[in-house]
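Reading through the structure tokens given below for one structure.
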Amino acid sequence: MSSGLNLAQQEAVNYLHGPCLVLAGAGSGKTRVITHKIGRLIQAGLEPKRIAAITFTNKAASEMRERAKGLIGREAKHVVICTFHALGVRMMREDGAVLGLKPAFSILDSDDVTKILKDAGGTTDTATARIWQWTISKWKNMGLNAAQAEAAAADDNERITARIMARYEERLTAYQSVDFDDLIGMPLKLLRDFDEVRAKWQAALGHILVDEYQDTNATQYEVLKALAGERGRFTAVGDDDQSIYGWRGATLDNLRKLPVDYPALKVIKLEQNYRSTSAILRAANNVIGPNPKLFPKTLFSELGEGEPVRVVDADSEAHEAERAVARIISLRAGDTAVQGKQYKEFRDFAILYRANHQARVFEQALRKAQIPYKVSGGQSFFDRAEIKDLCGWFRLWVNNDDDPAFLRAITTPKRGIGHTTLASLGTFASQYRLSLFEALFSPSLPSVMPKRTLEGIHEFGRYINDLEYRARRTMGAEDSRTFMLDWLKEIDYEKHLYDGEDSEQAAAARWTNVMEFVDWMSLRAGGTIDDASGADSNIETERKSLLEVAQTISLLSTISEREQDQNVVTLSTLHASKGLEWPHVMLIGVTEGLLPFKLEDDNGRQLQVSDDTLQRLQEERRLMYVGITRAQRSLAVSWTKKRKQGREMVPCVPSRFIAEMGLDKTTTREDPREKLKALRAEFARKAQDSAAAKAAAAAAP
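Residue numbers for the sequence shown follow the working numbering, so the first one is 1034 and each next one is one higher.
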């Protein structure tokens, strides 16, 4: 089972006798270690269903599941491989009744939460509600409820937010709904407050493996402790040098606590990197060097020295983008073979940056050069609020028991049905274990609701039934489009968009998205787009009813995943790039104020040194380290002498991290445009020589 593993990896896989921390440096094969350890645990007699491997993203869970399947075969399907949040859902579906939750509780998305907070806080301002949302999420990740948050409030704003949190929680209870943070906080409450539930889950999970452990927050650590029990039946795999999510609650305290809470903790370091060349790793080790170390380690590689890391200076952001494009063209035109493999596909290149706004000028330069690209982590069409609104209505037609869809539809657009009515309906539905839609037509509802209010919600219920009936009988593209346009007019959705936006331009853009969605749905009803395969729209398939098309809505979010196979250059933020790798990486905008991000006040003065600013600088340094270690074969780091700020061009200086890389400045400067010019001259010379040779051959007697 340990075939192909190095000595440190073998030690991590074979250690089964207690709590284990695997410090896995970038590119050191951590997923390989986790999957092999799953196999080793099964080999040692632990039932697959009693092994849990917890990751942070569905994509990572899917990859681990495939790797485990390839290693241990069919038994892999019984291993619990999921995210922290998915495990939380499972626990709450099974045992949430003790907290007053029905098994079919609803999980609210970010937009749903914002709407409820607007109502709870008595505001129509989305930005304000988002600030409350962020603060409440931070408190929940710290394990605080509304009362505890108010008691610990630092100022009046926090006290007000804590009171809004209390009203928000009341609404969630009434709606039988939870938010994303509750999927961690509520399982912790189950494990802490109910001995029989804790005993059940400790017995169910004999060993827990946690991937990306450095990204856990305080609540997730407590969940792990409660599940692992006193014996500490867990393997935590992480890297303190890659902890870059402090802004969303991740804390390195969880690494500091492990040796204290588990004195028998076995610490194993994975320091051999299988991704990058020695030149790239040397720059990474140098950059991360100034940070304080919880568990010191130094990455090394046996892939050879490789190309030196290049530093590129540019006059402006546009100039920087031109140089990045020139580098891509140059590397594709030159001899980039390494160990017999060419790295010339567009998919082999990535441009990484600190903030989303930096992508725009690079998109323009790539389009101008006719180089295909994708912006990784950009908003999906189906994540737009207006599309979610319409999908909410469709989901309710298909499944009347979808409570989040019910809440979205009945409140968007507003129809005079307020929080008090919905809270009463939610309480009634919970009491009788009904969905909100079922509760509408319960013969007992009139006993708890005034007649006038009842008439309003009954009208909504009848309208949903009518839409479902009509959608079931609407066939083909033309009729479906007419139906949807009539429906949007009936609910006055266009007016809703314009009333909710500060500018007509923004509202018009959202309405354009709605029309695009209408066309997209009607094409599917007409059988000119294949839902399952995403085939070319010219291929005819069977006509469908609009309701049948609506039933595929839940699958739409998977469409964007096909992009990963496209042969395109990747543009990505550094945060979104974590866990990924490319042969050629360009790390751009490496200037003070961008990377590290703003460490000055509004007047440009350095912020006073404090624990907070030091921690921010250390996290920014880890972000630079993550960026460097995404590169496999070549790395270019660029900075600009000036950049646009508002309407002005402001002077810039290179980031301190460039100096910290410890590069030999006499050998690392490059101008890709000059290299490209030289290559073109060389090609022209060869073409000339070839033409001359042919002419000479033709003239020979």
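Every residue, glycine too, gets a C-beta built ideally from N, C-alpha and C.
Residue i and residue j: beta carbons closer than 9 Å?
| i | j | result |
| --- | --- | --- |
| residue 1224 | residue 1215 | no |
| residue 1505 | residue 1578 | yes |
| residue 1252 | residue 1171 | no |
| residue 1316 | residue 1661 | yes |
| residue 1379 | residue 1601 | yes |
| residue 1382 | residue 1619 | yes |
| residue 1268 | residue 1070 | yes |
| residue 1396 | residue 1604 | yes |
| residue 1221 | residue 1176 | yes |
| residue 1540 | residue 1531 | yes |
| residue 1207 | residue 1196 | no |
| residue 1408 | residue 1270 | no |
| residue 1362 | residue 1430 | no |
| residue 1202 | residue 1456 | no |
| residue 1154 | residue 1167 | no |
State the Cα-Cα distance for the pair residue i and residue j, rounded to the nearest angstrom.
| i | j | result |
| --- | --- | --- |
| residue 1341 | residue 1668 | 8 Å |
| residue 1344 | residue 1391 | 18 Å |
| residue 1125 | residue 1238 | 16 Å |
| residue 1051 | residue 1075 | 16 Å |
| residue 1348 | residue 1096 | 42 Å |
| residue 1553 | residue 1229 | 51 Å |
| residue 1480 | residue 1458 | 12 Å |
| residue 1528 | residue 1501 | 23 Å |
| residue 1742 | residue 1219 | For the chain, the structure presents residues 1034 to 1734; residue 1742 sits outside this window and is missing. |
| residue 1565 | residue 1113 | The pLDDT assigned to residue 1565 is 33, lower than 50, so where the model puts this residue is not dependable; a value taken from the coordinates is nonetheless given after this. Cα-Cα distance, rounded: 28 Å. |
| residue 1042 | residue 1472 | 56 Å |
| residue 1040 | residue 1306 | 13 Å |
| residue 1476 | residue 1145 | 29 Å |
| residue 1295 | residue 1327 | 16 Å |
| residue 1359 | residue 1242 | 44 Å |
| residue 1367 | residue 1625 | 33 Å |
| residue 1008 | residue 1169 | With the chain covering only 1034 through 1734, there is no way to say anything about residue 1008. |
| residue 1474 | residue 1533 | 32 Å |
| residue 1599 | residue 1405 | 9 Å |
| residue 1591 | residue 1664 | Unreliable placement is indicated for residue 1591, whose pLDDT of 36 sits below 50; no coordinate value is reported for it. |
| residue 1555 | residue 1439 | 23 Å |
| residue 1346 | residue 1623 | 10 Å |
| residue 1567 | residue 1580 | Residue placement at residue 1567 is flagged as unreliable, the pLDDT there being 33, under the threshold of 50; a coordinate-derived value is accordingly withheld. |
| residue 1574 | residue 1432 | At residue 1574 the pLDDT is 48, less than 50, meaning the model places this residue with poor confidence and gives no usable figure here. |
| residue 1462 | residue 1470 | 9 Å |
| residue 1675 | residue 1403 | 26 Å |
| residue 1376 | residue 1651 | 33 Å |
Throw me the rounded Cβ distance for the residue i and residue j pair, which I believe falls under 8 Å.
| i | j | result |
| --- | --- | --- |
| residue 1386 | residue 1159 | Incorrect: roughly 26 Å between the Cβ atoms, too far for contact. |
| residue 1301 | residue 1045 | 5 Å |
| residue 1068 | residue 1094 | Wrong, their Cβ atoms sit about 12 Å apart, outside the cutoff. |
| residue 1259 | residue 1289 | Not confirmed; about 19 Å, so no contact. |
| residue 1630 | residue 1657 | Contact doesn't hold; Cβ gap of about 11 Å is too wide. |
| residue 1468 | residue 1434 | 4 Å |
| residue 1324 | residue 1655 | 7 Å |
| residue 1256 | residue 1138 | Their Cβ separation, rounded to whole angstroms, is 18 Å, which puts residue 1256 and residue 1138 out of contact at 8 Å. |
| residue 1266 | residue 1240 | 5 Å |
| residue 1135 | residue 1209 | 6 Å |
| residue 1666 | residue 1339 | 6 Å |
| residue 1558 | residue 1509 | 6 Å |
| residue 1394 | residue 1351 | 6 Å |
Alpha helix (DSSP H) containing residue i: first to last residue?
| i | result |
| --- | --- |
| residue 1280 | No alpha helix (DSSP H) contains residue 1280, which DSSP labels as neither H nor E. |
| residue 1424 | 1418-1431 |
| residue 1147 | 1143-1154 |
| residue 1408 | It is not in any alpha helix (DSSP H) - residue 1408 instead sits in the beta strand (DSSP E) that spans 1406-1408. |
| residue 1350 | 1350-1366 |
| residue 1217 | 1215-1226 |
What are the start and end residues of the beta strand (DSSP E) that includes residue i?
| i | result |
| --- | --- |
| residue 1382 | 1382-1386 |
| residue 1103 | Residue 1103 -> not in any beta strand (DSSP E); alpha helix (DSSP H) instead, spanning 1091-1105. |
| residue 1486 | First-last for residue 1486: 1484-1506, but that is the alpha helix (DSSP H), not the beta strand (DSSP E). |
| residue 1527 | That residue, residue 1527, is in no beta strand (DSSP E); its alpha helix (DSSP H) goes 1526-1533. |
| residue 1114 | 1113-1116 |
| residue 1605 | 1602-1606 |
| residue 1677 | 1675-1678 |
| residue 1614 | No beta strand (DSSP E) contains residue 1614, which DSSP labels as neither H nor E. |
Do the stretch 1076-1093 and the stretch 1332-1339 meet, that is, are 3 or more Cβ pairs less than 8 Å apart?
The stretch 1076-1093 makes no contact with the stretch 1332-1339; the number of CB pairs closer than 8 Å stays below 3.
Please determine if the stretch 1536-1549 and the stretch 1609-1620 are in contact, where contact requires at least 3 C-beta pairs separated by less than 8 Å.
Contact between the stretch 1536-1549 and the stretch 1609-1620 is absent, because fewer than three Cβ pairs lie under 8 Å.
Could you check whether the stretch 1275-1285 touches the stretch 1247-1264, counting it as contact only if at least three pairs of C-beta atoms, one from each stretch, sit closer than 8 Å?
In short, these stretches touch, since the Cβ pair count reaches three.
Contact the stretch 1445-1459 vs the stretch 1484-1492: 3+ CB pairs below 8 Å
The answer is yes - the stretch 1484-1492 touches the stretch 1445-1459, with three or more Cβ pairs under 8 Å.
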